[in-house]
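Protein chains in written order, with the working numbering: chain V, 1 to 645; chain F, 1001 to 1645. We put the CB at the ideal spot given by N, CA and C, even for glycine. Quick caveat: nothing in here was measured; it's all calculated off a predicted structure.
Number of protein chains: 2
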Amino acid sequence: MTYSVKFLPHNISVKVDDKETLIRAAMEAGVHINASCGGGGVCGKCRVLIEQGTVEGGISEQLSNDDQEKGYRLACVSNIASDLVVRIPIESQIDTSRLNEQTGSRHTAKATYSDVNELRQDGLFIPPVEKIYLELDPATTGDNQADVTRIINHLRIHHNEHRLTMNLDLIRKIPDIIRQGDFKVTATIVRPVRKDGKNEIVNIEPSDTSTRNFAIAVDIGTTTVFGQALDLQTGEVLSQHGEFNSQISYGEDVISRIIFAEKDGGLEILHQKVIETINKIIEKILKQGKIGRHEVTTITLAGNSTMAQLLLKINPSYIRRDPYVPASIMYPPFRANEIGIALADHTIALIYPGVSSYVGGDVIAGIMASGMYRESELTLYMDIGTNAEIAIGHKDWMVCTAASAGPAFEGGGVKFGMRATKGAIEDFSINPETYEPMIITVENKKAKGICGSGLITLAAKLLEIGVIDSRGKFNQTLGTPRIRQTDGIWEYVLVYKEDTQIERDITITEPDLDNLIRAKGAMYSAALTLLEEIGLKIKDIERIILAGGFGSYVDLQSAITIGLLPEIEPEKVTYLGNGSLLGCKINSLTNALRQDVAKVVNMMTNFELASTASYMDHYMGALFLPHTELNYFPKVKARLEKLRK
Amino acid sequence: MTYSVKFLPHNISVKVDDKETLIRAAMEAGVHINASCGGGGVCGKCRVLIEQGTVEGGISEQLSNDDQEKGYRLACVSNIASDLVVRIPIESQIDTSRLNEQTGSRHTAKATYSDVNELRQDGLFIPPVEKIYLELDPATTGDNQADVTRIINHLRIHHNEHRLTMNLDLIRKIPDIIRQGDFKVTATIVRPVRKDGKNEIVNIEPSDTSTRNFAIAVDIGTTTVFGQALDLQTGEVLSQHGEFNSQISYGEDVISRIIFAEKDGGLEILHQKVIETINKIIEKILKQGKIGRHEVTTITLAGNSTMAQLLLKINPSYIRRDPYVPASIMYPPFRANEIGIALADHTIALIYPGVSSYVGGDVIAGIMASGMYRESELTLYMDIGTNAEIAIGHKDWMVCTAASAGPAFEGGGVKFGMRATKGAIEDFSINPETYEPMIITVENKKAKGICGSGLITLAAKLLEIGVIDSRGKFNQTLGTPRIRQTDGIWEYVLVYKEDTQIERDITITEPDLDNLIRAKGAMYSAALTLLEEIGLKIKDIERIILAGGFGSYVDLQSAITIGLLPEIEPEKVTYLGNGSLLGCKINSLTNALRQDVAKVVNMMTNFELASTASYMDHYMGALFLPHTELNYFPKVKARLEKLRK
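Here it is, written out as structure tokens:
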């Protein structure tokens, strides 16, 4: 259910979801309310007057009985329970004439839609591993063909299945199983990528188990590993779970992992650690989904090239050394338990192919999930993270590259940086006259730090109001105590220590901004270089797809304002969420995808930025907010000029 | 070099090989010389007079100086050193008029010729596993494709190799190996059976090892396992070795092995035992052939269905139980070390497919080696042993069956039966007047027992002279002390104890003959039943191929006389020797064979004698020497009548 909320004196209305907090509604409307603590009614600054309608909560010790009776509530703890008219009190209000020139309402990217029904309609809901129930004729003196021959002939004659094979381990089990099931058995068959390939029978079970066919999809991130359990009858996600990648204690990023892997026994340790993590996730999602381990017929995994090589215990050393060569881009299907994954003997593991050392299977999985390889619009695919991967193209061609963005987007190299967990500042607004902030944190908890999407919004807002300049340096003449110098470093105080969880002032510093600028500069210039290499321009881009957990939270206008994303209509930007996981899911549901993957990988041209001469020039030009070349950002330019006039 | 030897007074000449003993020349000429001890000059009975030419040796304590000076020599220790004229002394000579009515000169079957040059000429000398040397372009910044991609692309572009795959284990090794070899490597590629199948790269080695490519061929007999090492560059057999199958202590025949396998842990033990035997053989032939273990790229194995299932650790229980169902007739290629064979990770094991529980891969290997599936002559293929397998057909169709012959052909169930090793009586002649024997043993050692081929000759000679009748019963009225009754059993004394190695009289008994009759009866009636089932007659057979170690030694006329083989010109009979081993060898040399094997297995119709109504009648009829129906053996009938007139 949605309600309409009108903010006065701005006279701006927004539609918001039932139970949403009032402060988030204000943020979405682009209405500033001073709010220092991030939520929980701690600072008491976000007093608003409910003129019409009702909210639930909205009261804390910080609100006097008098105010309460007058109809004031604290916006951060008020849940919207009807259509509302809300007045922002004068002290937290700014010149209304300037209000609507700010970024206005928030736009996060819309989700790319992916639906199992669509697959079904297209006749593509044929998983790579299927189960078929067989009622065989029992062996008799007159018909004593070999057990394996009986199964294969039955599949050939009654199910039009051809080019069947099986391995020795399965043949070993068949004589007893076929009789245990009284010649009624269920065959599990793995489909080939190419239609003229072989269909491998990987399991024979007594009786009819054909309705119990499950898959697992796993995204192996450098930081986090996510798994989903899927029902291959219905296409439903039955359960999901994420864990930090246990490799993390051996290095935060892929390079430090590779260095560790080069030590004696290091590769084995990192391999074991990620397997442990995967097994922990499998344990949970099977339990939650009420799935037997032996009922899982396939597991699809995607990760960047280093994650893939560590998973498969392949020396990743040459990935980090010039000329940056991965072992392989494609991996054959294999039995999951061959690498220690705790699934049955017959469970097939499929690894997403990658393209190069720094454009791995996770990116390809995302591209497959996005469907951009089927469309004719020119699409820019951006997987934003420490390692930023970019692909550009459409159904006829595709190019890609990777850039090292540094850890700023994930909260690294930022003084109060943190991941997007409880208490992370994720949204921000600033009073253009008082420079007082409005802070929104993840789950409305007292502030603890700044997450990646929060950092982008912070930088954009500070830039718009002129608190920082295009080089990310603070304006030292604004006369607010929030802008100050500590140990020679300029910073802006977001939350004073009494309103934090950490008992220290939370600030954003010039070095933080510098790291952000370098990260966004790497990302943007990579896209620019790639376009230039193929003779296209930024303005040719018709669509942007954002991948990474990050993509779903980032405020698009802020991202454009700081020059992370090219200037494009927010409607043209969609996000995939965890594209890698989604790609694994789709791969589990339709074998057709595997043929498409091979096609995409083969048509993808990889550019190494290190050997692309223009990259460094583009990068230097991108080390400004939004960019040295403001013509790339005409609307941002116009808006900044107007705001600062 | 061959010499001519003329025997007087018979006036029969034979051509014999240089260094052959005189007694074997006499046996080949059909000339009887009394000779009791089997060789070594022990009994001194085989005195002959050298009238022209010279022999080496021929002297022992049993020959007086006087005789020696007169030119007498002992035939069993005389090696022929020139053309000779030899007179048989009167006491060991028989009525010359009857001489030439005996079986005359010996005919053993000619070997089926199989030559690697023929394969080469036909362009078929393409082993299932090949090695190709690759000089790759080293990785550079401008060309940093994945290591695996580099190898596959090079093979595609420079060697026209397509549809290439490799497994995870190999991918793991490639990054280091490719650099160790400085981008010069040798690829080992396994060919598919079908041309549209995949070529699997199973190994990548640094530098050029392409000239070191070896195969191993192994015949897994129930009793004996034989192995050969082959050079896949030249096609040469570099070394070979045989060992008793170590399973033998768990049961002599397949049924007792299956019963043991059904016990707790029994299958594992039998599996381990045969693997131990194979590994022992591999150890020896590699050492002898100066081959490194990692240089072996393929091992082809053949055995009967029980041996195959025990090798592969597949429960063989249903093989011995009605309706006699094997687990599989075809087995996929796998890594040899997967089942414990001590070869490298990349060595591929190929198992010969079989047809049914009792017509196994050993028979198919022999059929493939014989080439009968390519010819248009109607061929009878007989693998003579405890389990007798028979196939009939030609290039357009083929039928097969198996009969349990019992162990008589291998010396089992025969009082003094033994395998064809030193001291085994392998040839025999009898004086039709005195009933004194002429004994020839394997390697001319003092007699120790009777081997299978010896037993057949014994039975045939005793039948011809009328010492036994067509039911295998002794004529008790001949007045020779050699025919006697011991403990109620009639027997003929072949060697008195003083001339044996075993210090007991060596005899052939009525129960021995009874076992032989049942064995040959099973064999012959199986062939007859099979022919009848497809509407043909014995006389339609144009060619006979004998397989089994046995086949090369058996005297063909004797085998026909007792009714083991159908009456056919001896020239039409060839022997393969160890057809199973030969089939494995050919499979190692030409991948084309694998396609043919699939064709043969698919066109082969298997008959179960147990469910073929006429078999028991044919069997009962065959329990006579040569047969109840003498019209099947018109020439034998005529000769027997003449000999006994």
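Quiz item: Using the beta-carbon count (16 or more within 10 Å), is phenylalanine 474/V buried or exposed?
Solution: buried
Quiz item: Is it true that the region 1599-1616 of chain F meets the region 1524-1534 of chain F, where meeting means three or more beta-carbon pairs spaced less than 8 angstroms apart?
Solution: yes
Quiz item: Does the Cβ of methionine 1620/F have 16 or more other Cβ atoms within 10 Å, making it buried, or fewer, making it exposed?
Solution: exposed
Quiz item: Comparing the CB of glycine 44/V with every heavy atom of the ligand FMN, is any distance shorter than 6 angstroms?
Solution: Only the bare structure without any ligand can be found here, which leaves the ligand FMN out of the picture.
Self-check item: Closest by C-alpha distance to alanine 1547/F, when choosing among Ala1026/F, Gly1371/F and Thr1480/F
Solution: Closest option to alanine 1547/F, Cα to Cα, is Gly1371/F.
Quiz prompt | Status (buried if at least 16 other CB within 10 Å, exposed otherwise) for methionine 1/V | solution = exposed
Exercise. Could you confirm whether any beta carbon from chain V is found closer than 7 angstroms to the beta carbon of leucine 1168/F?
Key: yes
Quiz item: So aspartate 1122/F is in the alpha helix (DSSP H); what residue range does that whole segment cover?
Solution: Looking at the DSSP string, aspartate 1122/F is not in any alpha helix (DSSP H), and its letter there is neither H nor E.
Exercise. Name, please, each residue of chain F whose Cβ falls closer than 8 angstroms to the Cβ of isoleucine 174/V.
Key: Ala1327 and Ser1328
Quiz item: For serine 611/V, which residues in chain F fall below 7 angstroms Cβ to Cβ?
Solution: Thr1141 and Gly1142
Exercise. From the DSSP output, in three-state form, read off serine 97/V for me.
Key: Caution applies to serine 97/V, whose pLDDT of 44 falls short of 50 and renders its modelled position unreliable; the value that the coordinates give is listed next. Three-state result, serine 97/V: helix.
Exercise. Using a Cβ-Cβ cut-off of less than 8 angstroms, give me the residues of the region 1602-1635 of chain F that come near chain V, in sequence order.
Key: Within the region 1602-1635 of chain F, contact with chain V at the beta-carbon level (separation under 8 angstroms) is assigned to Glu1608, Ala1610 and Ser1611.
Exercise. Give the DSSP-derived three-state secondary structure of glycine 521/V in the structure shown.
Key: helix
Self-check item: Secondary structure of leucine 43/V, DSSP reduced to three states
Solution: Residue 43/V is actually cysteine in this sequence, not leucine. Coil.
Quiz prompt | C-alpha distance - isoleucine 341/V paired with valine 225/V, whole-angstrom precision | solution = Approximately 14 angstroms, taken between the alpha carbons.
Practice problem: Tell whether a beta-carbon distance below 7 angstroms holds between aspartate 514/V and lysine 415/V. | Solution: no
Quiz item: On the three-state DSSP scale, how would you describe asparagine 1079/F?
Solution: strand
Quiz item: Between tyrosine 1331/F and valine 1325/F, is the Cβ-Cβ spacing less than 7 angstroms?
Solution: no
Quiz prompt | Under 8 angstroms by beta carbon: chain C residues contacting alanine 1638/F | solution = Although the question refers to chain C, the structure presented lacks it and instead comprises the protein chains V and F.
Quiz item: When the distance is taken between beta carbons, is aspartate 1219/F closer than 7 angstroms to leucine 1581/F?
Solution: yes
Exercise. Taking only beta carbons into account, state which residues of the region 1288-1321 of chain F come closer than 8 angstroms to chain V, listed in chain order.
Key: Leu1312, Lys1313, Ile1314, Asn1315, Ser1317 and Tyr1318
Exercise. Would you kindly report the start and end of the unbroken alpha helix (DSSP H) that includes leucine 310/V?
Key: 305-311
Quiz item: If the cut is a Cβ gap below 8 angstroms, which residues of chain V does phenylalanine 1260/F touch?
Solution: Here the premise fails: no neighbours, minimum Cβ distance about 17 angstroms.
Quiz item: Would threonine 140/V be called buried (16 or more neighbouring beta carbons within 10 Å of its own) or exposed?
Solution: exposed
Quiz item: Whose C-alpha, out of Glu436/V, Ile425/V and Glu443/V, is nearest the C-alpha of isoleucine 456/V?
Solution: Taking only the C-alpha atoms, the option nearest isoleucine 456/V is Ile425/V.
Exercise. Return no unless some Cβ of chain V is closer than 7 angstroms to the Cβ of aspartate 1253/F.
Key: Interface with chain V (7 angstroms Cβ-Cβ cutoff): aspartate 1253/F is excluded.
Quiz item: Got a sec: is the Cβ-Cβ distance from aspartate 1345/F to anything in chain V below 7 angstroms?
Solution: no
Quiz prompt | Any C-beta of chain F under 7 angstroms from that of isoleucine 157/V | solution = Not an interface residue.
Quiz item: If the cut is a Cβ gap below 7 angstroms, which residues of chain F does alanine 727/V touch?
Solution: Residue 727/V lies beyond the residue range present for chain V, which begins at 1 and ends at 645; the question has no answer from this structure.
Self-check item: Separation of glutamate 1510/F from aspartate 1067/F, as counted between CA atoms
Solution: 40 angstroms
Exercise. Residues of the region 1123-1139 of chain F with a CB closer than 8 angstroms to any CB of chain V: list them in chain order, please.
Key: Ala1139
Self-check item: Buried/exposed call for tryptophan 1397/F, threshold 16 Cβ in 10 Å
Solution: A residue is called buried once 16 or more other Cβ atoms fall within 10 Å of its Cβ, and tryptophan 1397/F, having fewer, is exposed.
Quiz item: Can a CB atom of chain V be found closer than 7 angstroms to the CB of proline 1192/F?
Solution: For proline 1192/F, the nearest beta carbon of chain V is not closer than 7 angstroms to its own beta carbon.
Exercise. Can you give me the Cβ contacts of leucine 350/V inside the same chain, cut-off strictly under 7 angstroms, excluding the 5 residues immediately before and after it?
Key: Pro128, Thr298, Thr300, Pro333 and Asn587
Quiz item: Is the CB of proline 333/V under 7 angstroms away from at least one CB in chain F?
Solution: Chain F has no Cβ within less than 7 angstroms of the Cβ of proline 333/V.
Quiz prompt | CB contact check: alanine 401/V to chain F, cutoff 7 angstroms | solution = According to the sequence displayed, residue 401/V carries threonine and not alanine. It does not; no Cβ of chain F falls within 7 angstroms.
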